[in-house]
Amino acid sequence: MEMKATWGADPLERLGGFRNLTLQTDATFVSSLGRAASVKWFEAEAKQILSACDAVQADLVLQFDEIDFAGLQGVYGWPALQYQAWTRGHIFVGQEHAQTVLLYIEGVLEFYVDEEHYFGGDVYSFGKIPVVLKLSPGHHRLDIRLIRDVRAMGAIVSPAINVRIKAELSSPGLTILESHEMLPDVVDGQLSSSVASLLVRNDDEKSVEIIDVEVMGNLGQAALDNSSLPKSLVPGQTRSLTVRISCRATCPETLEFVVVARKSSAATGHRSYRVKSPAFNIRYRSLDEVFKLTYRHPTGTVGYVMLKAPHIESWTSRSGIKDTLPIMLVLHGAGLEADAAELTRSLDDAGKLGAFVIFPTGGSPWSGDDWHQSGSIHVESAVLATEEWARSSGWSGPKPRIDHWLVVGHSNGGQGTWYTLTHHPDRVAGAAALSGYSSIQSEWNEQMTKWTKANDGKIMSHIIFGTRWILQSKPF
Numbered sequence: 003m004e005m006k007a008t009w010g011a012d013p014l015e016r017l018g019g020f021r022n023l024t025l026q027t028d029a030t031f032v033s034s035l036g037r038a039a040s041v042k043w044f045e046a047e048a049k050q051i052l053s054a055c056d057a058v059q060a061d062l063v064l065q066f067d068e069i070d071f072a073g074l075q076g077v078y079g080w081p082a083l084q085y086q087a088w089t090r091g092h093i094f095v096g097q098e099h100a101q102t103v104l105l106y107i108e109g110v111l112e113f114y115v116d117e118e119h120y121f122g123g124d125v126y127s128f129g130k131i132p133v134v135l136k137l138s139p140g141h142h143r144l145d146i147r148l149i150r151d152v153r154a155m156g157a158i159v160s161p162a163i164n165v166r167i168k169a170e171l172s173s174p175g176l177t178i179l180e181s182h183e184m185l186p187d188v189v190d191g192q193l194s195s196s197v198a199s200l201l202v203r204n205d206d207e208k209s210v211e212i213i214d215v216e217v218m219g220n221l222g223q224a225a226l227d228n229s230s231l232p233k234s235l236v237p238g239q240t241r242s243l244t245v246r247i248s249c250r251a252t253c254p255e256t257l258e259f260v261v262v263a264r265k266s267s268a269a270t271g272h273r274s275y276r277v278k279s280p281a282f283n284i285r286y287r288s289l290d291e292v293f294k295l296t297y298r299h300p301t302g303t304v305g306y307v308m309l310k311a312p313h314i315e316s317w318t319s320r321s322g323i324k325d326t327l328p329i330m331l332v333l334h335g336a337g338l339e340a341d342a343a344e345l346t347r348s349l350d351d352a353g354k355l356g357a358f359v360i361f362p363t364g365g366s367p368w369s370g371d372d373w374h375q376s377g378s379i380h381v382e383s384a385v386l387a388t389e390e391w392a393r394s395s396g397w398s399g400p401k402p403r404i405d406h407w408l409v410v411g412h413s414n415g416g417q418g419t420w421y422t423l424t425h426h427p428d429r430v431a432g433a434a435a436l437s438g439y440s441s442i443q444s445e446w447n448e449q450m451t452k453w454t455k456a457n458d459g460k461i462m463s464h465i466i467f468g469t470r471w472i473l474q475s476k477p478f
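Numbering (the working numbering), first residue to last: 3 to 478.
Here it is as structure tokens:
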């Protein structure tokens, strides 16, 4: 295993890349992280191995005790705890014939299987999209480029890299993936939105064309969105399908879909077939609860936002009903999904808020660009989706004032608060950034640590004061 810093190009490319190196325990490699400006190979064993007849999983915890991470952090802050490393292992196929193998590798930037290069691994361990391989019997070499993201793996514990490698046998064909669907909630008896998405994967050796999507039974309807193009899946591809759904008289508690697909061959010509999905649960919510609202993202995919409508007592009074109420954006920290209870219930003690409270996703639990650019697009899309919901759902209260925002965010969401405040000054009427750093480079370096100790509890008192000001501000 060879270790190096994240900045700049891969220095091993000068030697033909890690894939061209052979294991030599006495070989050294230049590294800015090593005490002698060099690092060596070493062997690591899996912490845990789980195996079954059709799957195997190995968990690795890779530590580099010879690196003075504490000293580096004192100079560079959190970025000192972010690094990359290469590791090598093997996959053994014991069957007599070639097998279709689903390979999941978490915490990985790129990898090689028998010299075949795959870039864009599952860095944040979403577990959604495996690589579909056709492997012959015998050993297959696996070279993996690992990455340690400080927000994902932590800055308090030892700066190790946790890796999970899982290989599953699969049967050729089209699969509708369970637990990766995106469906709107039912609010007071009706769907909060008509848009949904399903994740499908082609494990076949030929391309598959998606023709349509249907709902099983007579309680609902579905149709493949015309904008869900292209509808073809090449071998090994995973992609989401945008689906328009509706309920008839009553929305069911579960929905089952059927995907109609077609594949072609010289021998049989066009052949259509149907694939049934698992039963997907529909969540029921009332209007005074936080609910999931799905929407079409500008990229053509389906996103969602958690929405809390204004409490009725916040917009009704003796003087009459208010015409509009502001938007309140609550931006989550790194590693937190927008529909997590610790986020959506974070304002339970704030009283009867006179605002449309929006919990956007930022694209993922990590909002990898600190709510800048792509994360900001999710914020704006969520605001527009809220406006559309108020217009089409039969909401009888004030309209959302989409050009007046109150913004609050914690940690990574605090970075998003600063970004929103500086890039949308014409929309933001108030903001509270619950974040202790101005950039990740200055997060918990030696200067930051000294400043925090000197100020003791003063920082938190300012945060609490700022938050209270936001929560008690009146609609305008």
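Note that CB positions come from ideal geometry on N, CA and C, so glycine has one too.
Excluding five sequence positions before and after L52, the CB atoms of its chain that fall closer than 6 Å to its own CB belong to Q59, given in chain order. Across the set G19, V189, S34, the C-alpha of S34 shows the shortest separation from the C-alpha of L74. Taking 7 Å as the cut-off, the Cβ atoms of S194 and P186 count as close.
Nearest to F44 by C-alpha distance, out of S267, R90, V236, G76, is R90.
Distance from the Cα of G96 is smallest, within the candidate group V261, G337, E170, for E170. For S376, the secondary structure class from DSSP, reduced to helix, strand or coil, is helix.
Here DSSP, grouped into helix, strand and coil, assigns T363 to coil. Under the Cβ criterion (8 Å, minimum of three pairs), the stretch 381 to 398 counts as touching the stretch 360 to 367.
In the three-state reduction of the DSSP assignment, W88 falls in the strand class.
Taken atom to atom, the span from the alpha-carbon of R287 to that of N204 is near 34 Å. Proximity to V260 across V159, D214, Y297, P300 peaks at D214, based on C-alpha coordinates.
Pairing W317 with P402 gives a Cβ-Cβ distance that is not under 7 Å. The bridge partners DSSP lists for N164 are V63. Beta bridge pairing from DSSP links A433 with V409. Each residue's CA atom was taken as its position, placing S181 and V202 some 12 Å apart.
Shown here for A82: same chain residues with a beta carbon closer than 7 Å to its own, the five before and five after excluded, namely F71, L74, Q75 in chain order. DSSP, read as helix, strand or coil, puts T318 in strand. The shortest C-alpha to C-alpha distance from L289 to any of S279, V277, N283, A311 is the one to A311.
As summarised for the stretch 227 to 310, there are no continuous alpha helix (DSSP H) elements at least 4 residues long confined to that stretch.
Between the stretch 126 to 136 and the stretch 101 to 108 there are three or more C-beta pairs closer than 8 Å, enough to call the two in contact. Contact between D124 and V115 does not hold, since their C-beta atoms are separated by about 15 Å, which reaches or exceeds 8 Å. When beta bridges are read from the DSSP output, D124 appears opposite E108. 7 Å or more divides the Cβ of L144 from the Cβ of I69.
In the three-state reduction of the DSSP assignment, G140 falls in the strand class, which pools E and B. Distances from the alpha-carbon of E117 to those of S274, S127, K294, G18 put G18 closest.
Excluding sequence positions up to five before and after S378, its CB lies within less than 8 Å of the CB of G418, Y421, T422, H425, all in the same chain and listed in chain order. Listed in chain order, the non-local C-beta contacts of G129 below 8 Å within the same chain comprise Y106, E108, local neighbours out to five positions each way being set aside. Of G335, V410, V189, the smallest CA-CA separation from A392 is found for V189.
Cβ atoms of V332 and V410 come within 8 Å of each other, at about 6 Å. By the 16-neighbour rule on beta-carbons within 10 angstroms, F121 is exposed. With a contact defined as Cβ atoms closer than 8 Å, P300 and W407 miss out at about 19 Å. Only buried fits Y297, as 16 or more other CB atoms lie within 10 angstroms of its CB. Annotation for M155: no beta strand (DSSP E) segment contains it, though the alpha helix (DSSP H) segment containing it runs 152 to 155. Buried is the label assigned to K294, since at least 16 other Cβ atoms lie within 10 Å of its Cβ. The DSSP-derived three-state label of D190 is coil. Excluding the 5 residues flanking it on each side, T256 has same chain C-beta neighbours closer than 7 Å at A281, F282, N283, I284, in chain order.
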